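For the record, the sequence lines run as chains A and B. Quick note: the first sequence, position 498, residue 1962 per my numbering, numbers continuous. Quick note: the second sequence, position 538, residue 2002 per my numbering, numbers continuous. Glycine residues also receive a C-beta, built at the ideal position from the N, C-alpha and C atoms. A quick note: this is a predicted structure, and the numbers were derived from the prediction, not measured. Let me begin by presenting the structure, written as C-alpha cells, before commenting on it.
Number of protein chains: 2
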Amino acid sequence: MSTNLFEKHKETLDKAVNALHERTFYAHFPEHPKAYGPDAPVQGKEAFDATLNNRFGELLQSGTNGDIGEEQSPYWNKDIGVTYPSASVDTLIENGEAAFKQWSKTSVADRVGILMESLEGVSKRFHEIANATQHTTGQSYVMSFQASGPHAADRALEAIAMGYKELTRFPENVNWVKPMGRISLQLDKTFAPIPKGIGLVIGCSTFPTWNTVPGLYADLVTGNAAIVKPHPKAVLPIAIFIAEIQKVLQANGLDPNTVQLAVDGSDKLIAKDLAEHPAVKLIDYTGGNAFGDYIESLASRTKAVFTEKAGINPAIIDSANDLRAVMRNLAFSVSLYSGQMCTAPQNFFIPATGIPTADGETVSYEDAVALLKNEVASLALHPKMGAGTLGAIQNTTTLQRAEGAKDLGGTMVLEAPKVVNPKFEQARIRATSIIEVDAANKEVYEQELFGPVIIVIKTKDTMESLNLAKQMAAKHGAITCSVYCTNEGKTKTIIEEMNSVFTPVSLNLVGYAFVNQHAAFSDFHVTGGNPAGNASFTDPGYINRRFVWVGNRTPA
Amino acid sequence: MSTNLFEKHKETLDKAVNALHERTFYAHFPEHPKAYGPDAPVQGKEAFDATLNNRFGELLQSGTNGDIGEEQSPYWNKDIGVTYPSASVDTLIENGEAAFKQWSKTSVADRVGILMESLEGVSKRFHEIANATQHTTGQSYVMSFQASGPHAADRALEAIAMGYKELTRFPENVNWVKPMGRISLQLDKTFAPIPKGIGLVIGCSTFPTWNTVPGLYADLVTGNAAIVKPHPKAVLPIAIFIAEIQKVLQANGLDPNTVQLAVDGSDKLIAKDLAEHPAVKLIDYTGGNAFGDYIESLASRTKAVFTEKAGINPAIIDSANDLRAVMRNLAFSVSLYSGQMCTAPQNFFIPATGIPTADGETVSYEDAVALLKNEVASLALHPKMGAGTLGAIQNTTTLQRAEGAKDLGGTMVLEAPKVVNPKFEQARIRATSIIEVDAANKEVYEQELFGPVIIVIKTKDTMESLNLAKQMAAKHGAITCSVYCTNEGKTKTIIEEMNSVFTPVSLNLVGYAFVNQHAAFSDFHVTGGNPAGNASFTDPGYINRRFVWVGNRTPA
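What follows is the structure, encoded as C-alpha cells:
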C-alpha cells in the first residue's frame, strides 16, 4: 500500500498534534451545519430516510448470520425499523484475530492515513449522522449534528494525533555506540510499538459516536483490531463511521474486519461474552456505573480497560457578580438535552447565608433558589428555545426516574413544566424538576439522577458545600464542577481541593460558556482520577496503554 | 524555595531528556570506578567500615520507634550488624500524608532540582554504595559499583527526565479563543498534573538500588510522597540514596518525610500492611512471582501497580558464524553474578539437527552442548575471572535450589565446578550447572530457576524452539531473548514472533555485548507486556500513571 493517504493528510495531522499540545482553540471539522455545503442537509435527510425501515447494507465485514435492530426515535416514539447484520462472538473474534495479523504489521503512517481518510468520508455524511443521532438519542438536530459529527470527528482526530505522536516518539533504528576505552561497543537497535490484539469498544445510548470514536480510533491507530458493540438502541450513527472505515480499508487492500460492528439485541446482549474473551486485550466503555464497575473488574495485566461511567457533578455557588446571569447559565447547562449529558451539573450547593453579589447586597438563599427556579422554568417554556434545548428523553427509564423525582425525599421546588415540541408531538419530552434538600439528607443527593432532575442542597456555608462536593467526587465521581466565587482566596482553595480529587473546575461561567462543553484538543474529558471513569480523552495514557514498546539489538 | 537547583542541573536534564528520546548512548554518571577521583575508593571503604556493626544514623525522618537490621554478607557469610530506625505503618503513612501536602504543591522545577541534586550527593558515595551492595547482594565489587552506583543513578535520572518531559507536556496557562461568528468565546484555562498520594516502593535483595530508584524517583518527580520498603537483607545501599534525598529536602526547607525508609524484619514483614493501605496509591515492586502476583492483584482504579517479577529467559540457537564465540558470550551471561540477574538466559533451545556455521559445516547438537559446557566450566575455573564473574549467592534458598538441580529431572551435563574466592574463603559461591532435557519435558524447564542453573532443551528444529520460547514467554514471562541465527528470513520470523509476546530480542551477540545488559536512556528494561512484569524502565506510561491531568477554566 502506498503512503499517499498519509501525505494527503499530513498537514492536518501536524496541526492536530500541535493543537493538542498547545491546547488553544482548534477544530478541523467546522461545527456549523452550513459549513458542509448548501445541499448537505437535504442529502443527509434523504440518506437517512432511505435507511428507515431498511437493512443497513454498507458493512463489509464477513461471517454475519442474521439481521437485528431495535432502535426507536424518542421524537416519533416508535421504532425506526433499521436492521443490521449480526454475527456470533466466535466469528467476531476470529475475524478480528485474522485482521489483527495484517493491521498490526501495517505501518503507522499507513494506519494514520487510512483513519484520517475515513474521517473525511464521514464528514460528507454529517447531516445523515445528525438525523440518525436525533432519532436514536433524542438530541436536538443541531446538537446531534455537532456532537455526533464534527465534535466526534475532532475527538477521533485527536486520538489519531496523540497516537501518531506517541507511536513515533522513539526512533525506529538507532546506532548505539558506547565508548569503552580503546574499543567501543556498537549495537544496532530497533524500537517498535507492538499492539496488543483486539480492542472492544462498548457504546452508550446518548452519545453513540462522540463517546465511541476516541477509543475506536485509539485502538486502530495503535495497530489493534476493533470490535464496536454499540448500545442496541443507538446503532446507526456509529454504523456509518464503521462503514466509512471499512470502505477505506478495502479500497487500500486491507481487511475490512479490522473494525467490526457487533450489534446485539436487548434479549441477547453479547458485551460480557466479548469483554471476557481472552483475545480481547482492550476494552473501552461508556455507560452506567453498574456495568462500568463490572468492566473495570475485568482489568488485568493482559486486559487494559478505559471507562467513562457516571459522575454526580456539583455546582458550588458562593458569590457572584450577577447572580441572575449565573442562574441563567446554569439553567441552560442543566436543560440542554434534558440533563442527559455526563457533564451536566446535578447538585447545587447553596449556602443558607446567601450569595454576596457585586453591588454589595447579599441575595438570600431563598431568593437564589427562586432565581434558579425561574431561569430553569423560563428556558423550558421559552417558545423558541424550550423544546429545542431539551430535546427528547432517550429512554423510558430516564423518563420514569424524572417522573419519580417527587418521591425522592426532598422538597419539590419546581415541578417540571409541561413542554410540547410542535414538530414532534409524540416526543418523549420532559423539562427539569428541582428538588431542595438540607445538606444532612445525603441519601437524596448521593445518587446519580441521570436526566432532568437537579437538587439544591442547602449548606451552612461554602466550606460545607466544598467538603460535600469533594467527598462526593472522591466517592462517586465527578466529571465537571461548576464554581461561582468572586473571592480570590476562597476560589484558590476550592480549585485546589476539587482538583485534589481529580475534578476539573469551571469558574464563573456566564454567557455562552457552559460547563457541559468539553472541546477536543483543549479540554480533557473525564480526568480518569475519580470514580467517574479511569480514562481521559485524550491524555497520553489513553494511547500508551494500548501498545508496548519493544526494543531489539544486534551488533553493528 | 528558589529554583537555583533547577538552573544548576538544567543542562544535564536537557541532555537526559534528549538522550532518552534519541536512545543513543548516554551516561551522565561514568561507569568506571576510577572516574570519581583517586581517593574515592578508600573513602568509600572507610565509610562502609564505619557503618559496620553500627546504627545507620543519617535518616532525617520522624517518628521512629526502634532499631532493626538483619543484613548478611554473602562474602563473609555473617551479619554485617547494621541497624536502621524502624517505624510503625501508621507513622509512615501519617508522615507521608503530611509531607505529600507540601511536596504535591512544590513546583515541578523545584522537585526536579532537588532530585537531581540528591543524585549528585549520591554520586560522591558510589564507592561506599559499592561496598554496601557487595556485602548485601553478593555481587562483585565492580558490578556492585556499576549497578548500584552510576547505572542506578542514570536510571533515576532517566525517570526524572521522563517525568519532567511529561509533567511539562501541556501548558500551565492557555488563552482559548473560539470564534463564533460575530463574537468569540474566550476562556482562560490552566492545566496541572495532579499527583496521587503516597507511593510505596518495594525493593529486592539482589539489586537494591538499580531496581528501586526508577520507581522512587518517578514517584517523587511526579509529586507523590514515597515510602521505600527494601528487602530486609539488602537495605544499606538504598538507605544511602534516601539519606541523600532527605538531606537535600531539609536543606531546602522541605519535609524529609517526603521519602521514608521503611525497614522491616523477616519476622514481621510490613509490605502487605503498607501495600493494602488505602493511602498508598502507587506500588512499585521488584521480586519473585508469588508476591508479585499478589501485588498485581491489588491494582485498582485507585491503586496503580508497577511490577518487575521473574521471567524465564530463552536463548534460541539456530545458526552462527562462530559457535564457540556464541557459547563464550552466553557462558558469561549465565555466569555473571551466578545467574542472579533477571536478564540472564535460562533455557537454551538447541535443535537436534545441529547448528550450521559460517564455514558450511554443521556443528552437531552434542558438540554444541559440549561447547557450551566447556565455555561455562572454563569461565568458572578461570583463575583470574572465575570468582569475580560469579560473585556470591545472595541467599541460601538460591544456593539450595542450585544444589538441588540434579534432582530436577533432566540429565546433568555439567555439575557445577567447585570455585573458591581466595579473598573471601567463606563466600557462598556456586558456579553454573547445566541440565539437559528433551523438549517434551516441559515441567523441568517451565519454572524459573533463579541462580546458577541453566537448561539445554533439545528441540526438533528451530521452529519448535521458537514456538516453545514464545509460549513460555506468553505464559511465564521473559525479560530477554537471546537469538543466534544467520538466516535473514528466519531471523525476521523469530523477532516478529518473540516481539508479539512483548519480548525483546538480542541477536547474535558476541564479544563484549551481553544480553543481560540494559542501558539507561536506550534499552527499555522489561516491556510490561508479558508476565515478567507490567511496567517498563522508563516508558511514558511508567510516569503518566503516577499523576492525573486536570484542567480548569474561567472566562478571560
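Can you tell me which of the options puts its alpha carbon nearest to the alpha carbon of residue i?
i	options	result
Y2018 of chain B	A:L1971, A:R2010, A:G1997	Looking at the sequence shown, residue 2018 of chain B is not Tyr but Thr. Out of A:L1971, A:R2010, A:G1997, A:L1971 has the C-alpha closest to the C-alpha of T2018 of chain B.
Q1598 of chain B	B:F1489, B:F1755, B:E1535	B:E1535
N1811 of chain A	A:I1898, A:L1845, A:L1746	A:I1898
T1476 of chain B	B:Y1801, B:D1618, B:I1814	B:D1618
E1561 of chain B	B:A1743, B:F1634, B:A1703	B:A1743
Q1981 of chain B	B:C1945, B:V2014, B:E1961	B:C1945
L1579 of chain A	A:P1635, A:N1541, A:K1711	A:K1711
S1526 of chain B	B:P1497, B:N1721, B:G1941, B:S1571	B:N1721
E1558 of chain A	A:P1502, A:T1528, A:N1517	A:T1528
I1706 of chain A	A:K1732, A:T1676, A:H1940	A:T1676
I1780 of chain A	A:F1655, A:L1664, A:K1922, A:F1755	A:K1922
Keeping to the same chain, check which residues put their C-beta closer than 8 Å to that of residue i; ignore five residues upstream and five downstream.
i	result
G1577 of chain A	T1467, N1468, L1469, F1470, E1471, K1472, H1473
G1508 of chain A	R1589, F1590, H1591, E1592, I1593, A1594, N1595
E1879 of chain B	K1870, S1897
N1951 of chain A	D1782, S1783
D1786 of chain A	T1821, A1822, V1974
I1857 of chain A	P1538, G1602, S1802, Q1804, L1863, A1866, R1892, I1893, R1894, G1915, P1916
Given that residue i touches chain A, what residues does it touch there, using C-beta distances under 8 Å?
i	result
D2003 of chain B	N2008, W2013
Which bits of chain A does residue i rub up against, with CB to CB less than 7 Å?
i	result
N1885 of chain B	Correct list: empty, because the minimum Cβ distance to chain A is about 26 Å.
W1540 of chain B	Here the premise fails: no neighbours, minimum Cβ distance about 32 Å.
Within the present structure, is the beta-carbon of residue i separated from the nearest heavy atom of the ligand SAH by less than 7 Å?
i	result
G1533 of chain B	The model on display carries no ligand, and the ligand SAH is accordingly not part of it.
Using C-beta distances below 6 Å, list every residue in its chain close to residue i, excluding the 5 sequence neighbours before and after it, in chain order.
i	result
P1505 of chain A	H1591
A1937 of chain A	V1965, T1967, N1994
A1623 of chain B	P1678, Y1681, A1682, T2002
W1640 of chain B	L1651, K1653
G1533 of chain A	V1546, T1547, Y1548
S2033 of chain B	This structure does not reach residue 2033 of chain B, given that chain B is present from 1465 up to 2020, and the question cannot be answered.
V1572 of chain B	L1631
E1912 of chain A	A1774, I1776
G1663 of chain B	D1683, N1688, A1690, L1746
Listing by chain order, which chain B residues have their CB less than 7 Å from the CB of residue i?
i	result
L1651 of chain A	A1977
Which chain E residues are close to residue i, counting only those with a beta carbon under 8 Å from its beta carbon?
i	result
A1656 of chain B	The structure shown contains no chain E; the protein chains it does contain are A and B.
Against residue i, what residues of chain B qualify as contacts under a CB-to-CB distance less than 8 Å, listed in chain order?
i	result
W1640 of chain A	R1487, T1488, F1489, A1983, S1986
N1998 of chain A	R1765
M1644 of chain A	Y1976
P1995 of chain A	R1765
Go through its chain and collect everything with a Cβ distance to residue i's Cβ below 7 Å, but skip five positions before and after it.
i	result
H1615 of chain B	E1495, W1674, A1984
L2009 of chain A	The identity of residue 2009 of chain A in the sequence shown is Arg, whereas the question assumes Leu. Closer than 7 Å at the Cβ level, and outside the excluded window around R2009 of chain A, lie A1768.
N1859 of chain A	S1669, K1697
V1877 of chain B	V1833, K1837, I1898, I1899, E1900, V1920
T1861 of chain B	none
A2020 of chain A	N1639, Q1650, L1651, D1652
In chain B, what lies closer than 9 Å to residue i by C-beta?
i	result
T1991 of chain A	I1658, V2012, W2013, V2014, G2015
E1760 of chain A	S1764, R1765
Going along chain A, which residues have a C-beta under 9 Å from residue i?
i	result
P2019 of chain B	L1971, N1972, L1973, V1974, G1975, A1977
**Report entry** Complete runs of the alpha helix (DSSP H) confined to the segment 1485-1558 of chain B [at least 4 residues]
**Finding:** If we require 4 residues or more, the alpha helix (DSSP H) runs fully inside the segment 1485-1558 of chain B come out as 1504-1515.
**Report entry** In chain order, each beta strand (DSSP E) run of at least 3 residues that lies wholly inside the segment 1932-1980 of chain B
**Finding:** With a minimum length of 3 residues, the unbroken runs of beta strand (DSSP E) contained wholly in the segment 1932-1980 of chain B fall at 1945-1948, 1969-1971.
Query raised in the report: Between the segment 1945-1973 of chain B and chain A, which residues of the former have a C-beta closer than 7 Å to a C-beta of the latter?
Result: Listed by position, the residues of the segment 1945-1973 of chain B near chain A (Cβ gap below 7 Å) are I1959, N1963, S1964, F1966, P1968, V1969, S1970, L1971, N1972, L1973.
Query raised in the report: Counting only runs that start and end within the segment 1657-1714 of chain A, where is the alpha helix (DSSP H) found for 4 or more residues in a row?
Result: List check, alpha helix (DSSP H) in window: 1677-1685.
Query raised in the report: When Cβ atoms are compared, which residues of the segment 1767-1793 of chain A fall closer than 9 Å to chain B?
Result: The residues in question are T1771.
Requested in this report: Please list the residues of the segment 1802-1821 of chain B that have a C-beta atom closer than 8 Å to any C-beta atom in chain A, keeping them in chain order.
Outcome: Answer in chain order: no residues at all.
Query raised in the report: Can you list, in chain order, the residues of the segment 1611-1636 of chain B whose Cβ is nearer than 8 Å to any Cβ on chain A?
Result: Listed in chain order, the positions of the segment 1611-1636 of chain B with a beta carbon within less than 8 Å of a beta carbon of chain A are E1630, R1633, F1634, P1635.
Report task. Report the residues of the segment 1845-1861 of chain B with a CB closer than 8 Å to any CB of chain A, ordered along the chain. Result -> Flagged: no residues at all.
Requested in this report: Below 9 Å between beta carbons is the criterion; list the residues of the segment 1582-1614 of chain B that meet it against any residue of chain A, in chain order.
Outcome: Cβ contacts with chain A come from no residue of the segment 1582-1614 of chain B.
Query raised in the report: Residues in the segment 1500-1520 of chain B with C-beta within 9 Å of chain A's C-beta atoms, listed in sequence order?
Result: Those would be none; no residue qualifies.
**Report entry** Residues of the segment 1555-1571 of chain A with Cβ closer than 7 Å to any Cβ of chain B, in chain order
**Finding:** Per Cβ criterion, the list is empty.
Query raised in the report: Taking the runs of the alpha helix (DSSP H) that are 4 residues or longer, which of them lie wholly in the segment 1572-1651 of chain A?
Result: Listed in chain order, they are 1572-1587, 1590-1601, 1605-1612, 1614-1631.
Query raised in the report: Which runs of the beta strand (DSSP E) fall wholly inside the segment 1725-1768 of chain A and span at least 3 residues, in chain order?
Result: Secondary structure in the segment 1725-1768 of chain A: the beta strand (DSSP E) runs of 3 residues or longer, each lying completely within the stretch, are 1744-1750 in chain order.
Query raised in the report: Of all the alpha helix (DSSP H) runs that stay within the bounds of the segment 1792-1845 of chain A, which reach a length of 4 or more residues?
Result: Within the segment 1792-1845 of chain A, the complete alpha helix (DSSP H) runs of at least 4 residues are 1829-1845.
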